[in-house]
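Residue numbers (full-length UniProt numbering): 1 to 531. Note that the Cβ used here is the ideal one computed from N, Cα and C, for glycine as well. Quick caveat, the model's predicted, so the values are computed rather than measured.
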Amino acid sequence: MSSQAVEYKRFQQSEACSEEGCRAAKFYIEDGKKFCQRGHEQDGFTVTQQDEDDFLQLGKITHKKREVHEHTAIKYKGIAAKKLYLQCIQLVLWKQCYWLVTEKNFAPEIETIVRDLWELRLKTLWLEEESNPGFFGSQSEGQLGKISGQTRKQKKRGTVSDSHSHPQLIETLSLCYLAALLLRLPISLSEVLGWASRGEMLMKKVRIIPIEMRTKLPAYFYSALGMKAPLNGNHLQRKIMDLIDLYYFHFKMIFPPLNTPLLSYKHIQDLGLPVEIYPAVKRLASILGVNFSFDVLSTSIRGPLSFPEMRIICLIVIATKLSQPFDSLERIPENSSDPTILKIDWKAWFKIMHENQEIGFKKGEELNVRDTDVWNMDDVKIDQYLDWFQKSWLDERKPKISELILDHFPLQSQRSYEEEIGETERRFDKQILIQEASILQTPSSSIEYDKSKNLRPGAMYIRYRALGDLTEEAKNFYGHAASKVGVSTSFLVRAVFQMEIQIESWLTANKKKELEKLRSLNTEGDKSSAV
1 MSSQAVEYKR FQQSEACSEE GCRAAKFYIE DGKKFCQRGH EQDGFTVTQQ
51 DEDDFLQLGK ITHKKREVHE HTAIKYKGIA AKKLYLQCIQ LVLWKQCYWL
101 VTEKNFAPEI ETIVRDLWEL RLKTLWLEEE SNPGFFGSQS EGQLGKISGQ
151 TRKQKKRGTV SDSHSHPQLI ETLSLCYLAA LLLRLPISLS EVLGWASRGE
201 MLMKKVRIIP IEMRTKLPAY FYSALGMKAP LNGNHLQRKI MDLIDLYYFH
251 FKMIFPPLNT PLLSYKHIQD LGLPVEIYPA VKRLASILGV NFSFDVLSTS
301 IRGPLSFPEM RIICLIVIAT KLSQPFDSLE RIPENSSDPT ILKIDWKAWF
351 KIMHENQEIG FKKGEELNVR DTDVWNMDDV KIDQYLDWFQ KSWLDERKPK
401 ISELILDHFP LQSQRSYEEE IGETERRFDK QILIQEASIL QTPSSSIEYD
451 KSKNLRPGAM YIRYRALGDL TEEAKNFYGH AASKVGVSTS FLVRAVFQME
501 IQIESWLTAN KKKELEKLRS LNTEGDKSSA V
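Printed below as a string of C-alpha cells:
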C-alpha cells in the first residue's frame, strides 16, 4: 500500500505507540486494526460500528448539563406598577361584591354602586398625580410610600384625611360598607369584620389574584396586598370615615345616616334585650340631640363617639343600665305597664347567651393563632383551624399541592356560614329563654310604697370610668355589646362614659332651668302680693 493513500491521524496527547522505543506521532487504521506510522500494531484496539460523525472518536463522551435558570418575571415600575396594583384591588373588590350577591343575597345593585364609588376613588388618584406629576414616576419604592409636604398639609383634619396615596386592601371592605349604607341596609360593622376575619370576603386570599399579576408587582405594592395585622373595628371605622371625607372633599358627596330603627332593633335582638329598650334609645337620642350621620371634615379630633354605630351601641347600653341595672338593689316600677316590670336575671342572661356558643375558636380567632398555640389545641380546634386554612390559603389551582398534601390529609368541603348556624332562629330562642328567666317585679300600685325608702327604676345609676370598675355582670354585658361593633371592651367603656357625661350635663342644665323658672314664678308672686 502506498503511503500516500493512507490517512494518518495524530495520537492524542496522552497516547503513544505501544511498541517500546517507537516515537511515532501518527497512526492509521487498516482492516479494523490500528498501526502506528512505522507499522507497529497497537494492542487493545477494537473498531465498533459508529456513525460517520463519530468516526475515530475514542473514549466515553459525557455532556455537561447546563444550569437551568428560573425565569424571573419582569417587575413593573412607575405608572405601570400602579395600574397593575389597582387592577389587583379591583379584582378583589369584584370578588367581594359577587360573594355578597350570591352568598348573602344582597341586591345586585350593590355591584353598580361599588363600581361607581371605585371609579370616583380612582379619579382622586389621578387628580393627586396631576398635582404632583413626579410622584409615581421614577421614584424608588421607599420614596413611593412617603407623602409630599403639600399633600400632607391637605390631609389634615378639616380638609381630607387619607394617610395613603394608593388604596389599601381594607378599602375594599369600606367601599362595600358604604355601598350597603347607600342602599339603606342595616349592616353592622361587626358583620363586615366577621366576614373578613373568617376569610369569606377574601381579605386573606391573595391567591385569587393570578400569579401572572402578582409576580410583576414591585415589593411595595405586593406587601400592600396583604394584611399585616388582624382586623379590628377601630381601624375599619377610621378607613370608612377617611373615605367619606375624601368623597366630600373632591366631589361634595354626602352619605345618608344609618338606618337607625332597623340597626338598633338588630343590636337589641342580638344582645337578648327586651324590645322596650328601643323607645328608651329614641328618647335618649332626642334628649342629647344625637344624630346618626357621618360628620364630614370635622375640625375636632375623632373620639370614641365619632362613628355613628358607636352612638347606637352606647345609647343601648345606657338604656339597659337605666331599666335593667346590674346591681341587686330593688327598684319598684310604678305600675304593671312599666317597661321595667320584668327584670333581667343577668346570671341567667350570661348562661343563655353562651350556652350554645361554638366549640373551638370564636369567629375570626383563627387569624390570631401562633405556632406555639398548636400545643394547647384540642382535636376540635385543630380540625377547625385546618378547615379555615384550607379555605383561606390553599390554592386549588395548583394540582401538585393537592396531590402531595391534600391526598394525605383530606378535608371536607366547606359549607356556607348560614348552613352551619341558623343564627336568626338562635336569636329568637335566646330572647324567649331570657324572658322566661326574667324576674317579675311587683309595682308600687300593689304594695305600700315609701318614697323615702324605696327606689324607682333609674335611681342609683352607676357610671363606670374604666374597665376595672365593672362588676362581673356589667363586664359580661359590655363585652358582648363591644363585639357588635368590633371594638374592645375598654374602648366601649370610655365611649359610654363620655355619653353619660353628656347626659349629666343635660340634667344639670335642665335642673338649672327649672330653678330659674321657679325663682321667676316666686318673684312674680311676691310682686302680686305686694300690690
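Taking the alpha helix (DSSP H) that residue i belongs to, which residues open and close that run?
i: I170; result: I170 to L182
i: S242; result: The question names Ser, but residue 242 in the sequence shown is Asp. Element bounds for D242: G233 to F251.
i: Q96; result: G78 to E103
i: W375; result: Element bounds for W375: n/a, residue is neither H nor E.
i: R283; result: I277 to L288
i: C314; result: P308 to S323
i: M213; result: I211 to R214
i: E473; result: E472 to S483
i: F221; result: A219 to A224
i: Y464; result: Counting along the chain, Y464 falls outside any alpha helix (DSSP H), and DSSP gives it neither H nor E.
i: L329; result: Note, L329: premise wrong, no alpha helix (DSSP H); not H, not E.
i: L263; result: T260 to D270
i: E15; result: Where E15 is concerned, there is no enclosing alpha helix (DSSP H), given that its DSSP letter is neither H nor E.
i: E191; result: L189 to S197
With a 10 Å radius around its C-beta and 16 neighbouring C-beta atoms as the bar for buried, classify residue i as buried or exposed.
i: V374; result: exposed
i: residue 532; result: Residue numbering for the chain in the displayed model covers 1 to 531; residue 532 lies beyond these limits and cannot be assessed.
i: Q435; result: exposed
i: I301; result: exposed
i: G44; result: exposed
i: L236; result: buried
i: K156; result: Summary for K156: the model assigns pLDDT 45, below 50, so the residue's position carries little reliability; its value from the coordinates is reported in the next sentence. With fewer than 16 other Cβ atoms within 10 Å, it is exposed.
i: W126; result: exposed
i: M253; result: exposed
i: D270; result: buried
i: M310; result: buried
i: G137; result: Since pLDDT at G137 reaches only 42, below the 50 mark, its modelled position is unreliable, and the value read off the structure follows with that caveat. The residue in question, G137, is exposed, as its Cβ has fewer than 16 Cβ neighbours within 10 Å.
i: R10; result: exposed
i: M460; result: exposed
i: E472; result: exposed
i: S161; result: With a pLDDT of 44 at S161, under the threshold of 50, the predicted position of this residue should be treated as unreliable, and no value is reported.
i: T372; result: exposed
i: Q143; result: Confidence in Q143 is poor, its pLDDT being 42 and thus under 50, which makes the residue's placement unreliable; the coordinate value appears in the next sentence. So Q143 ends up on the exposed side.
i: A81; result: buried
i: L455; result: exposed
i: C22; result: exposed
i: T340; result: buried
i: P257; result: exposed
i: I501; result: exposed
i: L243; result: buried
i: I287; result: exposed
I think residue i touches residue j, with their Cβ atoms under 8 Å apart; what is that distance to the nearest whole Å?
i: L231; j: C88; result: About 19 Å; that fails the 8 Å criterion.
i: T489; j: A482; result: 5 Å
i: E111; j: C97; result: 5 Å
i: T124; j: H250; result: 5 Å
i: I170; j: K95; result: Not a contact, Cβ separation roughly 15 Å.
i: T260; j: F292; result: 5 Å
i: A466; j: V493; result: 6 Å
i: L284; j: I352; result: The pair is not a contact, with the Cβ atoms about 26 Å apart (cut-off 8 Å).
i: K239; j: S174; result: 5 Å
Kindly identify the DSSP beta-bridge partner or partners of residue i.
i: I439; result: K343
i: K9; result: F27
i: L455; result: R331
i: E109; result: According to DSSP, which records beta bridges pairwise, E109 is partnered with nothing at all.
Grab the span of the beta strand (DSSP E) containing residue i for me, first residue to last.
i: I29; result: K26 to E30
i: C36; result: K33 to C36
Please name the residue in the options whose C-alpha comes closest to that of residue i.
i: H354; options: I287, G272 and Y278; result: G272
i: D327; options: Y464, M213 and Q384; result: Y464
i: K216; options: K77, S298, D429 and L193; result: K77
i: I211; options: P457, F491, I74 and K34; result: I74
i: E276; options: L182, S286 and L342; result: L342
i: S188; options: W94, D379, F27 and V487; result: V487
i: G289; options: M499, E30 and Y222; result: M499
i: L263; options: I313, A348 and Q42; result: I313
i: M213; options: W346, I29 and K83; result: K83
i: L246; options: S298, F292 and A219; result: S298
i: Y385; options: R426, L515, S293 and R198; result: R198
i: F491; options: A25, W195, Y220 and G233; result: G233
i: residue 532; options: Y478, E191 and G32; result: The structure shown has nothing for residue 532, since the chain only spans 1 to 531.
i: V114; options: L183, H166 and E200; result: L183
i: D338; options: K33, S306, G303 and S323; result: S323
i: P274; options: D387, L93, V317 and L305; result: V317
i: E191; options: A348, P218 and H267; result: H267
Looking at residue i and the ligand ATP, is the gap between the Cβ and the nearest heavy atom below 7 Å?
i: K82; result: Here there are no bound small molecules, and the ligand ATP is not part of this structure.
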